[in-house]
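Peer 1: Those protein sequences? They're chains H and U, same order as listed. Everything in the first sequence is counted per my numbering, starting at 291 for the first residue and increasing by one. Everything in the second sequence is counted per my numbering, starting at -5 for the first residue and increasing by one.
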Amino acid sequence: MVLIPYPLVLRLPLPPAAATLKLVTRSSERDTRLRAMVDRYLDFVARVLRNAGTPEAEVDDDVQRTFIAVANRLDDVRPDAEKSFLLQTALRMAAHARRTLARRREVHDSDAQLLIQTPLQPEQMLDQKRARQLLDGVLSEMTLELRTVFVLYELEELSMTEIAAALRIPQGTVASRLRRARADFRDRVRALSGSTHAEVGS
Amino acid sequence: MTEPTRLLDTPESELERALLDAGRSYTVSGSSRTKTLLALGLTGVATSTAPSAVAATSGLTKATLTKVALAVIVIGSAAIPVWRYLDRAPSAQGTQPPAVHLDAALRSPPAPVESTPAAESAPAPSAPAEGAETPQPAARSAGTARAESRVVSAPPLAAELAALDVARTSLSHSDPGAALVALDGYARNFPHGKLSIEAEVLRIGALAKSGQSDAARKRAEAFLRRHPDSVLASRVRSYVGL
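#1: Identify whether ARG101 of chain U lies in helix, strand or coil by the three-state DSSP scheme.
#2: Which whole-angstrom value describes the C-beta separation of ALA200 of chain U and LEU236 of chain U, a residue pair presumed to lie in contact below a C-beta threshold of 8 Å?
#3: Any idea if THR(-4) of chain U is buried or exposed, counting beta-carbon neighbours within 10 angstroms, 16 or more meaning buried?
#4: Within this structure, are the beta carbons of GLN461 of chain H and LYS29 of chain U separated by less than 8 Å?
#5: Distance cutoff 8 Å, beta carbons only. Does THR(-1) of chain U sit that close to anything in chain H?
#6: Return the residue from the list U:TYR233, U:TYR180, U:SER228, U:LEU218 that minimises the CA-CA distance to SER204 of chain U.
#7: Look at the alpha carbon of GLU10 of chain U and the alpha carbon of LEU158 of chain U, and state the distance between them as a whole number of angstroms.
#8: Got a sec: is the Cβ-Cβ distance from VAL349 of chain H to anything in chain U below 8 Å?
#9: Taking only the alpha-carbon atoms, compute the straight-line gap between LEU482 of chain H and VAL428 of chain H and give it to the nearest angstrom.
#10: Please list, in chain order, the chain H residues whose beta carbon lies closer than 8 Å to that of ASP3 of chain U.
#11: Take ARG213 of chain U and list the residues in its own chain whose beta-carbon comes closer than 8 Å to its own, dropping the five residues that flank it on each side.
#12: For ARG467 of chain H, collect the residues of the same chain with a Cβ closer than 7 Å to its Cβ; drop the 5 residues on either side in sequence, then sort them by chain order.
#13: So which residues of chain H does ALA33 of chain U contact, with C-beta pairs closer than 8 Å?
#14: Look up MET432 of chain H in the DSSP assignment and say whether it is helix, strand or coil.
#15: By the 8 Å beta-carbon criterion, what residues does the stretch 189 to 205 of chain U contribute toward chain H?
#16: Going along the chain, which unbroken runs of the beta strand (DSSP E) with 3 or more residues stay wholly within the stretch 172 to 220 of chain U?
#17: From GLU444 of chain H to LEU218 of chain U, what does the alpha carbon distance come to, in whole angstroms?
#18: By the 10 Å Cβ neighbour count, where 16 or more other Cβ atoms means buried, how is GLU348 of chain H classified, buried or exposed?
#19: Buried or exposed for SER23 of chain U, please, with buried defined as at least 16 other CB atoms from any protein chain shown within 10 angstroms of its CB.
#20: Hey, would you say ARG340 of chain H sits closer than 8 Å to GLU346 of chain H, going by beta carbons?
#21: Cβ of GLY235 of chain U less than 8 Å from any chain H Cβ?
#22: Measure the C-alpha to C-alpha separation of ALA473 of chain H and GLY35 of chain U and round it to an integer number of angstroms.
#23: Beta-carbon separation of SER166 of chain U and ALA172 of chain U under 8 Å?
#24: In terms of residue numbering, what span does the alpha helix (DSSP H) encompassing GLY462 of chain H cover?
#25: What separation, rounded to the nearest whole angstrom, lies between the Cα atoms of GLU8 of chain U and ILE453 of chain H?
#26: Would the beta-carbon of THR344 of chain H fall within 8 Å of that of ALA387 of chain H?
#27: Comparing alpha-carbon positions, which option in H:ARG363, H:SER430, H:ARG458, H:VAL464 lies nearest ARG287 of chain H?
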């Protein structure tokens, strides 16, 4: 029996069957990881896309694109950074969707103006579909940097530390943007509800 | 650094609460998960997501897969007409719940915003309000009845998924022949299937892997003409080297 030194053993090519088994195992592990990511973060990705400006009709496609993009770089994604990686990818997708939307600006601008200018009845304010439309109008009027921080903090309930890490900006900048974003959001909501806002729910 | 209280915890108005609720409660369509898994090329979409199930699927041999494919097709061919018959029968007797009409839903008063924690995580379905115009079966037009019949008799997505899963698993186990057999079964059983685009992409892949390059290329070019911006376009290109 010939004894092979340990370091040489490591460099020997695997027999075909063992190599195939290793590939299959790796592929299976990868599939399991991807599936778990989809199960865990599908709604999160969809919400981020939608609230960051992806039109409703394109959310499903962009959800798929986001996961495909992450799948292509899965080996680079640490298990504890999956959510952050998905978030960054989804924000880039949403930015692309917004740019595409900007090219069709006339129609959407007029829609947003209509939403802002139409007088609201109290019962209309409570309609969920209407609320979604109004939220789209308000968010689309905010600047991108304020909108992003607002969405991540107020709607996704990420901490300021998480937001700072995901956006790669200092925590002080996050705090400052959040303060301005909240004030901006409230001003716009007050303007929407006008004189009736204080009466609703009282 | 101190985190400020979220606005939804201290809303300034009902409108503000409603808007924030709308932003938080957004959920994807029911088929989004399925389509995402299919787009990622994952098998076992219609089955349990438990790791054991995945491992069991991965461990299938080619012979077993072929048998499973044939069994699904044979059983599916027999079961779907029976299922459709059984499904139509109670509908004709008026025992099916009436379909929700968008007009009536829009006319109905909105749901109250005051919500339970459960309602905050998922939007409550809007129930027809008292006094709202609820469509009665006798008052429905023939066109509406036909439309509802189509809705009711549509095969469930799970059955489509099961059929495509067989094809995808065969393909991932380098058995394009079995995949094509499964896809033929899918085409027969679901001529207007919701996942027909995914089925076409699988077929292009199966044709390419079975050596039918010309057929695969023709289908790929036709697919890309019809769906140039599809999420699956890059996969189609990679199958045929476009």
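Glycine included, each C-beta is placed from N, C-alpha and C at the ideal position.
Peer 2: Based on what the coordinates show:
#1: For ARG101 of chain U, the predicted structure reports a pLDDT of 36, less than 50, and the residue's modelled location is therefore unreliable. A value from the coordinates is still provided. Helix, per DSSP.
#2: Going by Cβ atoms, the distance from ALA200 of chain U to LEU236 of chain U rounds to 17 Å, so no, they are not a contact pair.
#3: Classification of THR(-4) of chain U: exposed, given that the 10 Å Cβ count is below 16.
#4: No; because the gap between Cβ atoms is not below 8 Å, this pair is not in contact.
#5: No, its Cβ sits nowhere closer than 8 Å to a Cβ of chain H.
#6: Nearest option by C-alpha distance: U:TYR233.
#7: The alpha-carbon separation between GLU10 of chain U and LEU158 of chain U amounts to approximately 45 Å.
#8: Using beta-carbon distances, VAL349 of chain H counts as an interface residue toward chain U, with a partner under 8 Å.
#9: Between the C-alpha atoms of LEU482 of chain H and VAL428 of chain H there is a straight-line separation of about 9 Å.
#10: Chain-ordered listing is empty here: chain H has no CB closer than 8 Å to the CB of ASP3 of chain U, the nearest sitting near 10 Å.
#11: The residues GLU194, ARG197, ILE198, LEU201, in chain order, have a CB closer than 8 Å to that of ARG213 of chain U in the same chain once the five nearest residues on each side in sequence are set aside.
#12: GLU435, LEU436, VAL439.
#13: Chain H residues near ALA33 of chain U: GLN354, PHE357, ILE358.
#14: Per DSSP, reduced to three states, the secondary structure at MET432 of chain H is coil, with no helix or strand assignment.
#15: Residues of the stretch 189 to 205 of chain U with a C-beta less than 8 Å from any C-beta of chain H: none at all.
#16: Fully enclosed beta strand (DSSP E) runs of 3 or longer: not present.
#17: Cα-Cα distance, rounded: 40 Å.
#18: With 16 or more Cβ atoms within 10 Å of its Cβ, GLU348 of chain H is classed as buried.
#19: By the 16-neighbour rule on beta-carbons within 10 angstroms, SER23 of chain U is exposed.
#20: Going by C-beta atoms, ARG340 of chain H is nearer than 8 Å to GLU346 of chain H.
#21: No, GLY235 of chain U does not count as interfacial toward chain H.
#22: For ALA473 of chain H and GLY35 of chain U, the distance between alpha carbons rounds to 45 Å.
#23: One thing to note: SER166 of chain U has its Cβ no nearer than 8 Å to the Cβ of ALA172 of chain U.
#24: Taken as a continuous stretch (DSSP letters only), the alpha helix (DSSP H) holding GLY462 of chain H covers 461 to 483.
#25: Across the structure, GLU8 of chain U and ILE453 of chain H are spaced so that their CA atoms are roughly 27 Å apart.
#26: In this structure, ALA387 of chain H lies closer than 8 Å to THR344 of chain H by Cβ.
#27: There is no way to answer for residue 287 of chain H, as the model of chain H reaches only from 291 to 492.
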